[in-house]
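Read through the structure below, which is laid out as structure tokens, and then see the notes.
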Amino acid sequence: MANQFTNDAVMKALGTVIEPELHKDLVTLNMVRDLEIKGDAVNFTVMLTTPACPLKHVMERDARGALKKIGVENVSIKWSSNVPTDNRIIGQISLPVKNTLAIGSGKGGVGKSTVSVNVAVALAQAGASVGLLDADIYGPNANIMLGALRMPPPKGQMMVPATAHGVKLMSMGFLVKPDQPLIWRGPMLHSAIRQFLTEVEWGELDYLIVDLPPGTGDAPLSVSQAVPLSGSVIVTLPQEVSQADARRGAMMFKQMEVPLLGVVENMSYLAMPDGSQMDLFGRGGGKKLAAELGVPFIGEVPIDAQVRIGGDNGVPILVSHPDSAAAKAFRAIAEDIAAKISLQTLSRKDNLISVEMIA
């Protein structure tokens, strides 16, 4: 039986499928690769801008629907990804990183490091190459949360980051005793952060996540001066006091001309056995703050003892309880952030969004 489908017909059908974040069709974006037609079967690969794409299922549904309209029932779709590079980073302190993301809070105690660690793990689980820089020089704890207590031996003059749960990690926690205070002035802190960027064998990374310390002081300024930040995220709790400090953190990013991708609300509610939710710290503060700042509300994370237990034991909840509500929330937040970084990076390239530019 002769082929009833041609490449042109298939590509024309796929040209009606819109990428939900980039708002252009898959063909225009050069996302359809390796098209093959065998009898009544159509096989192709969709090249995503991030392996953590949150709307992959939408594109698959729409692609199958578009092909069904021209009579194609037997469809096989493979998925691949090529994370776009923020070209501003190229040539900056010889860092082989495609995108950098700062996660801040404006104050301590809101779970900023917990969000940083779990977002990093979620992106790694999705298939991205991820590094986590614990820039909280005075109070490092990302190494504890990831269960990485020591670094590998150095390679020549370069430090080698630890790897845990698929994430490369550098933290001052590897270099000082647990009870040793660091009484440093700004220049010493700036030097340490720059060393963590320039004297660490990070390898090629899709994302380098920078877990900033609380406040709006030297550390965020040092990071932004050392390497262009592709974007930033603010973490807050629901209550008004936390929002006030988070607002200052957001204004800090604005003054440093770092794109603010959105707001994450941690410890949003406690799920009760009867299915109800207890609002221990109020309700809706994160959404309110995002609206005031004019940025997206990325998501909320419920209170779960396993988040704390996982942080203490070095096994993040995405690993220990991957199907829990908190783990699902962290995964959705990571996917949303990854999509926003891709959109931000591609939009910056001469205002022309095309996956062909990163192929």
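Each residue of the sequence shown is one higher than the one before, starting from 23 at the first, in this note's numbering. The beta carbon of each residue, even a glycine, is placed where N, CA and C say it ideally should be.
With a threshold of 6 Å on Cβ separation, who are the neighbours of residue i within its own chain once the five nearest residues in sequence on each side are excluded?
{"i": "K129", "result": "P236, D267"}
{"i": "R86", "result": "V97"}
{"i": "A146", "result": "V152, G188, V189"}
{"i": "V222", "result": "M181, P183, M192"}
Using a Cβ-Cβ cutoff of less than 7 Å, which residues in the same chain neighbour residue i once the five nearest sequence positions on both sides are dropped?
{"i": "A20", "result": "In the structure as shown, the chain starts at 23 and stops at 381, and residue 20 therefore has no counterpart that could be examined."}
{"i": "E226", "result": "P118, S151"}
{"i": "M294", "result": "M300"}
{"i": "S346", "result": "D326, Q328, I339"}
{"i": "T271", "result": "Correcting the residue type first, residue 271 is Gly in the shown sequence and not Thr. Counting only Cβ-Cβ distances below 7 Å, and skipping sequence neighbours, we find G126, S127, G128, T238, I256."}
Which of the three DSSP states, helix, strand or coil, is assigned to residue i?
{"i": "S102", "result": "strand"}
{"i": "Q277", "result": "helix"}
{"i": "M210", "result": "helix"}
{"i": "G93", "result": "coil"}
{"i": "E322", "result": "strand"}
{"i": "K309", "result": "helix"}
{"i": "T185", "result": "strand"}
{"i": "V337", "result": "coil"}
{"i": "G61", "result": "coil"}
{"i": "V132", "result": "coil"}
{"i": "G222", "result": "The sequence given here places Val at residue 222; Gly does not occur at that position. Reduced to three states, the DSSP call for V222 is strand."}
{"i": "G87", "result": "helix"}
{"i": "G464", "result": "The structure shown does not extend to residue 464, since the chain spans only 23 to 381, so no value can be given for it."}
{"i": "I363", "result": "helix"}
{"i": "G304", "result": "strand"}
{"i": "K34", "result": "helix"}
Look up residue i in the DSSP assignment and give the residues it is bridged to.
{"i": "M192", "result": "L155"}
{"i": "Y229", "result": "N121, V152"}
{"i": "R55", "result": "T67"}
{"i": "L77", "result": "Answer is none; L77 lacks a bridge partner."}
{"i": "Q299", "result": "A293"}
{"i": "Q287", "result": "Just to set this straight, residue 287 is Glu in the shown sequence, not Gln. Note: E287 sits in a beta bridge opposite T258, E322."}
{"i": "I40", "result": "D47"}
{"i": "M180", "result": "K177"}
{"i": "L282", "result": "S254"}
Starting from the C-beta of residue i, find all residues in its chain whose C-beta is less than 8 Å away, skip the five residues before and the five after it, and write them out in chain order.
{"i": "V94", "result": "F27, V32, A35, D62, V64"}
{"i": "L57", "result": "N29, V32, M33, V64, N65, F66"}
{"i": "D233", "result": "I125, K134, S135, S138, V139, L154, L155, D156, A157, D158, A164"}
List the whole-angstrom C-beta distance separating residue i from residue j, where the pair is believed to meet the contact cut-off of C-beta under 8 Å.
{"i": "A248", "j": "L211", "result": "Not really, about 12 Å apart at Cβ, beyond 8 Å."}
{"i": "G37", "j": "D47", "result": "5 Å"}
{"i": "V8", "j": "M273", "result": "Residue 8 lies beyond the residue range present for the chain, which begins at 23 and ends at 381; the question has no answer from this structure."}
{"i": "P183", "j": "M194", "result": "P183 to M194, Cβ: 13 Å. No contact."}
{"i": "M69", "j": "S103", "result": "7 Å"}
{"i": "A241", "j": "A148", "result": "Their Cβ separation, rounded to whole angstroms, is 28 Å, which puts A241 and A148 out of contact at 8 Å."}
{"i": "W101", "j": "K78", "result": "7 Å"}
{"i": "F303", "j": "A312", "result": "With a Cβ gap of about 17 Å, F303 and A312 do not count as contacting."}
Evaluate the contact criterion for the region 160-174 versus the region 346-366: three or more CB pairs, one atom per stretch, below 8 Å. Under the 8 Å Cβ criterion, the region 160-174 does not count as touching the region 346-366, having fewer than three qualifying pairs.
Do three or more CB pairs link the region 246-260 to the region 270-290 at distances below 8 Å? yes
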